[in-house]
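Trainee: Numbering (this note's numbering), first residue to last: 208 to 463. Cβ atoms here follow ideal geometry from the backbone N, Cα and C, with glycine treated the same way.
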Ligand SMILES: Cc1cc2nc3c(=O)[nH]c(=O)nc-3n(C[C@H](O)[C@H](O)[C@H](O)COP(=O)(O)O)c2cc1C
Ligand code: SF4
Ligand code: SF4
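1) Assess, as a yes-or-no matter, whether the region 446–463 is touched by the region 228–242 under the definition of 3 or more beta carbon pairs within less than 8 Å.
2) Alpha carbon to alpha carbon, how far is residue 252 from residue 322? Give it in angstroms, no decimals.
3) Return yes when the C-beta of residue 287 is under 7 Å from any heavy atom of ligand 1, and no when it is not.
4) Measuring CB to CB, does residue 358 end up less than 8 Å from residue 316?
5) Helix, strand or coil: which one does DSSP assign to residue 263?
6) Quick one: what does DSSP say residue 455 is sitting in, helix, strand or coil?
7) Would you report the Cα separation of residue 393 and residue 329, rounded to the nearest angstrom?
8) According to DSSP, is residue 413 helix, strand or coil?
9) Once DSSP output is grouped into helix, strand and coil, what is the label at residue 290?
10) Return the chain-ordered list of same chain residues with a C-beta closer than 6 Å to the C-beta of residue 220, the five sequence neighbours on each side being excluded.
11) Let me see if you follow: with CB-CB separation under 8 Å, is residue 440 close to chain D or not?
12) Rounded to whole angstroms, how far is the Cβ of residue 300 from the Cβ of residue 362, which I believe are closer than 8 Å?
13) Say yes only if the C-beta of residue 425 is nearer than 7 Å to one or more non-hydrogen atoms of ligand 3, and no if none qualify.
14) In the DSSP assignment, what residue or residues form a beta bridge with residue 349?
15) Count the other CB atoms, across all protein chains shown, that sit within 10 Å of the CB of residue 210; report buried if there are 16 or more and exposed otherwise.
16) How big is the Cα-Cα spacing for residue 400 and residue 274?
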């Protein structure tokens, strides 16, 4: 039987998880939730997975939009979701379960993996990356075994207070207008390649940002010249991308 895993990823954590799952499950397609407007799930899949980062204690807007619009033909598949997060998961998988329930689908299993917190706009990247990712790999192995065994777990309803905070954040935060590009930029186009939602154009050898930014920070983190910054906040902060996910790898999956 075939499998499919949908992912959304800015700095590679969630793609690393999706790729490992796909490899271990076998016969598994990997599809980005970033660019598709209305995806049609046409085949009879044995398992259907979603791997996503946590944003503002909930789901990236694009993931919400994808799940609202995807066309599922097969209710009898085993559905699972894995949230990657930096410290506080909030409503992550709970929100996803609610969205699927509205489509008459039950999320059989929700898992979470704490990985490196990548939100450079708010804080610097911490130093013990390899320790954190080692722990994450261990957790991923146990989640893969759960998915293989089609384990079910109970996913609670979203917490209302957290939901309110999330809604306020996703509706009001539009940070991209305060991104700036300095003279270190060499016009290589890597920022455009890694943007999961196609929000960047290169004009006159410089990135120009449009208005559908998810604030995934991929452009800031993958730029080889550290030329993209948020206000004057990020210039001195370290950059982080998952060590196994190069920009070519992320770009290949994002643009499939
Ligand atoms: C806009 C934004 C908001 C975030 N909010 C949260 C959060 O509420 N809780 C948390 O634990 N991590 C948060 N993070 C960290 C990411 O969830 C975490 O680093 C994730 O693994 C990144 O996955 P990716 O590399 O696939 O993009 C946030 C990151 C970004 C970019
Ligand atoms: S990745 Fe950096 S150097 Fe390359 S075009 Fe974008 S901003 Fe310029
Ligand atoms: S413009 Fe940058 S931060 Fe915004 S979605 Fe694209 S890569 Fe992410």
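Mentor: Result, derived from the coordinates:
1) The region 228–242, when compared against the region 446–463, does touch it at the 8 Å Cβ threshold.
2) Numbered from 1 along the chain shown, position 115 holds the residue referred to as residue 322. Numbered from 1 along the chain shown, position 45 holds the residue referred to as residue 252. Residue 322 and residue 252 have their C-alpha atoms roughly 28 Å apart.
3) As a working note, residue 287 is residue 80 in the chain shown. Checking every heavy atom of ligand 1 against the Cβ of residue 287, none is found closer than 7 Å.
4) As a first step, residue 358 must be located in the chain shown, where it is residue number 151. As a first step, residue 316 must be located in the chain shown, where it is residue number 109. Yes.
5) The residue given as residue 263 occupies position 56 in the chain shown. The DSSP-derived three-state label of residue 263 is coil.
6) Within the chain shown, residue 455 is the residue found at index 248, counting from 1. Residue 455 carries a helical assignment under DSSP once its states are collapsed to helix, strand and coil.
7) Translated into positions along the chain shown, residue 393 becomes position 186. Translated into positions along the chain shown, residue 329 becomes position 122. Looking at the two C-alpha atoms, the distance is approximately 26 Å.
8) Locating residue 413 in the chain shown gives position 206, counting from the first residue. The three-state secondary structure of residue 413, taken from DSSP, is strand.
9) Within the chain shown, residue 290 is the residue found at index 83, counting from 1. Residue state, collapsed to three classes: strand.
10) Residue numbering aside, residue 220 sits at position 13 when the chain shown is read from its first letter. Apart from sequence neighbours up to five positions away, the residues of its chain that approach residue 220 with a beta-carbon distance below 6 Å are 291, 322 and 449, ordered along the chain.
11) In the displayed structure, chain D is absent; only one protein chain is listed.
12) Along the chain shown, read from residue 1 onward, the residue named residue 300 stands at position 93. Along the chain shown, read from residue 1 onward, the residue named residue 362 stands at position 155. With 8 Å as the limit, residue 300 and residue 362 qualify as a contact, their Cβ atoms being about 6 Å apart.
13) Position 218 of the chain shown, counted from the start, is the residue given in the question as residue 425. With a threshold of 7 Å, the Cβ atom of residue 425 counts as near ligand 3, since some heavy atom of the ligand is closer than that.
14) The count along the chain shown starts at 1 and reaches residue 349 at position 142. In the DSSP assignment, residue 349 forms no beta bridge with any residue.
15) Numbered from its first residue, the chain shown carries residue 210 at position 3. It counts as buried.
16) Taking the chain shown and counting its residues from 1, one reaches residue 400 at position 193. Taking the chain shown and counting its residues from 1, one reaches residue 274 at position 67. Computed Cα separation, rounded: 24 Å.
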